[in-house]
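See structure below.
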Amino acid sequence: MEKKSILITGGAGFIGSHVVRLFVNKYPDYQIVNFDKLTYAGNLENLRDVDQKPNYTFVKGDILDEAFVEETFVKYSITCVIHLAAESHVDRSITNPLEFIQTNVIGTANLMNVARRFWGDDFSDKLFYHVSTDEVYGSLGETGYFTEDTPYDPRSPYSSSKASSDHLVRAYHHTYGFPMVISNCSNNYGANQFPEKLIPLFINNIKEEKPLPVYGKGDNVRDWLWVNDHADAIDVIFHEGKEGETYNIGGNNEWQNIHLIKALCKIMDEKLGREEGASEKLIAYVQDRSGHDQRYAIDASKLKNDLNWSPSIEFEEGLENTVQWYLDNSEWLDNVTSGDYKKYYDQQYNAR
Ligand code: NAD
Ligand code: DAU
2 MEKKSILITG GAGFIGSHVV RLFVNKYPDY QIVNFDKLTY AGNLENLRDV
52 DQKPNYTFVK GDILDEAFVE ETFVKYSITC VIHLAAESHV DRSITNPLEF
102 IQTNVIGTAN LMNVARRFWG DDFSDKLFYH VSTDEVYGSL GETGYFTEDT
152 PYDPRSPYSS SKASSDHLVR AYHHTYGFPM VISNCSNNYG ANQFPEKLIP
202 LFINNIKEEK PLPVYGKGDN VRDWLWVNDH ADAIDVIFHE GKEGETYNIG
252 GNNEWQNIHL IKALCKIMDE KLGREEGASE KLIAYVQDRS GHDQRYAIDA
302 SKLKNDLNWS PSIEFEEGLE NTVQWYLDNS EWLDNVTSGD YKKYYDQQYN
352 AR
């Protein structure tokens with residue numbers, strides 16, 4: 002078998018950096034090329050502990066720049082792609098859908114076009130792993146779960162762009178025999194998540210005693226998964242998943258937003274030595290997200306039954322570790338919440 006040279010796109014982002022770290026440490030024989038544009042969400046600080054390893058290379062690049070992607074394929078003789086680069090925040094997609102269409106749809110097509118040209122007809126030992134989201138399936142009522150057969154029904158510009166990219170990846174498989182696999186995962190939490198997403202945003206606001214902007218009634222439900230478990234599932238699917246297949250990844254861990262927020266407030270009060278109930282007083286119900294999906298819940302039994310994967314830790318433990326990580330890494334948090342972040346925060350929340 003030829004040596005793997007893996008292009009991980011979006012490797013400086015939240016999930017990408019955990020995937021890069023896992024692959025660099027676990028597979029010293031693989032060459033790992035982290036290809037990332039370093040948007041506001043990409044941060045090389047996330048990878049300080051592995052960036053000197055001999056099997057790791059960082060390339061600053063845009064997946065929309067097809068010629069440069071091709072140059073990178075040639076330079077590093079890329080045999081596999083794990084594609085995580087994307088615009089990922091639903092609220093930003095409501096403000097600026099076009100950026101999501103460009104990166105998530107056109108960017109994915111660019112990567113596959115380059116891979117097809119570079120790999121030619123020889124798809125042996127080649128793989129394009131497309132990392133996607135459960136949001137492509139739409140929104141659930143009080144019961145039921147998303148399975149791999151649930152019809153697509155994306156409802157935000159973000160989820161529509163991810164659904165389009167999923168369709169393109171499957172279409173390339175069907176039309177050209179392009180070697181691919183897709184996974185659709187639920188909400189991730191953990192270290193290094195940009196504080197625009199619910200959990201790190203609220204940790205930061207509690208720390209700074211700022212209001213906690215709960216959208217609508219706070220009764221929306223999400224299924225939370227520790228980011229390291231997602232990276233682990235990607236590793237399993239990359240190595241053992243069946244080519245052409247889709248796998249759902251989830252935490253079997255549904256929380257109504259308001260219950261999760263109250264649990265977070267309790268942990269923060271304890272850790273910060275504040276009086277019980279202090280952080281809950283910061284809760285502020287604000288105008289709902291437009292088109293807010295009510296509930297996501299994943300049925301991950303295919304992954305469990307076929308590849309024997311399941312999450313490794315309980316949510317309470319993961320959430321506490323996560324809070325501790327943000328408290329221990331206040332410099333990371335301060336760095337990413339200075340500058341442009343303040344403008345973003347004012348735009349998103351002042352008018353709500
Ligand atoms: P993120 O926003 O934290 O990181 C995205 C990364 O992609 C950043 O490093 C950014 O610099 C890079 N990037 C953006 N545009 C690029 C471009 N044009 N060229 C090269 N690099 C570019 O995102 P995340 O939360 O880590 O999500 C990673 C992937 O996983 C996305 O595809 C997302 O749709 C998917 N996903 C995320 C979640 C979640 O809960 N966060 C759940 C399921 C699936
Ligand atoms: O389900 C997977 C998806 O999870 C990923 O594909 C996305 O990339 C990721 O961003 C995430 O999407 P969500 O929209 O579910 O995550 P977010 O953290 O933005 O919001 C979680 C819930 O919290 C959602 O119901 C909206 C609510 N919320 C969010 C923010 C930022 C609030 O009530 N207030 C807020 O300020």
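Numbering of the sequence shown is given in our numbering, commencing with residue 2 and proceeding in unit increments.
Beta carbons are placed, not taken as given, at the ideal position from N, Cα and C, and that holds for glycine.
Values in this document were obtained by computation on a predicted structure and should not be read as measured data.
The ligand NAD and residue i: does the residue's C-beta get closer than 7 Å to at least one heavy atom of that ligand?
| i | result |
| --- | --- |
| residue 132 | yes |
| residue 16 | yes |
| residue 236 | no |
| residue 247 | no |
| residue 340 | no |
| residue 24 | no |
| residue 88 | yes |
| residue 13 | yes |
| residue 42 | yes |
| residue 64 | yes |
| residue 230 | no |
For residue i, which three-state DSSP category applies?
| i | result |
| --- | --- |
| residue 180 | coil |
| residue 4 | coil |
| residue 258 | helix |
| residue 300 | coil |
| residue 268 | helix |
| residue 59 | strand |
| residue 200 | helix |
| residue 273 | helix |
| residue 48 | helix |
| residue 9 | strand |
| residue 1 | Residue 1 lies beyond the residue range present for the chain, which begins at 2 and ends at 353; the question has no answer from this structure. |
At what residues does the beta strand (DSSP E) containing residue i begin and finish?
| i | result |
| --- | --- |
| residue 32 | 32-37 |
| residue 282 | It is not in any beta strand (DSSP E) - residue 282 carries neither H nor E in the DSSP assignment. |
| residue 249 | 247-250 |
| residue 216 | 213-216 |
| residue 372 | With the chain running from 2 to 353 in the structure shown, residue 372 is simply not present. |
Using a Cβ-based criterion (distance less than 7 Å to any ligand heavy atom), does residue i qualify as near the ligand DAU?
| i | result |
| --- | --- |
| residue 372 | Any property of residue 372 remains undetermined from this structure, which presents the chain solely from 2 to 353. |
| residue 214 | yes |
| residue 199 | yes |
| residue 94 | no |
| residue 188 | yes |
| residue 135 | yes |
| residue 45 | no |
Name the two residues that bound the continuous alpha helix (DSSP H) containing residue i.
| i | result |
| --- | --- |
| residue 94 | 91-96 |
| residue 293 | Careful: residue 293 lies outside any alpha helix (DSSP H) and carries neither H nor E. |
| residue 153 | Per DSSP, residue 153 belongs to no alpha helix (DSSP H) and is neither H nor E. |
| residue 332 | 331-337 |
| residue 119 | 108-120 |
Per DSSP, which residues does residue i bridge with? Please list them.
| i | result |
| --- | --- |
| residue 190 | 227 |
| residue 74 | For residue 74, which the question treats as bridged, DSSP gives no partner whatsoever. |
| residue 133 | 185 |
| residue 286 | 215 |
| residue 147 | 299 |
| residue 222 | 257 and 296 |
| residue 40 | Beta-bridge pairing links residue 40 to no other residue. |
| residue 128 | 81 |
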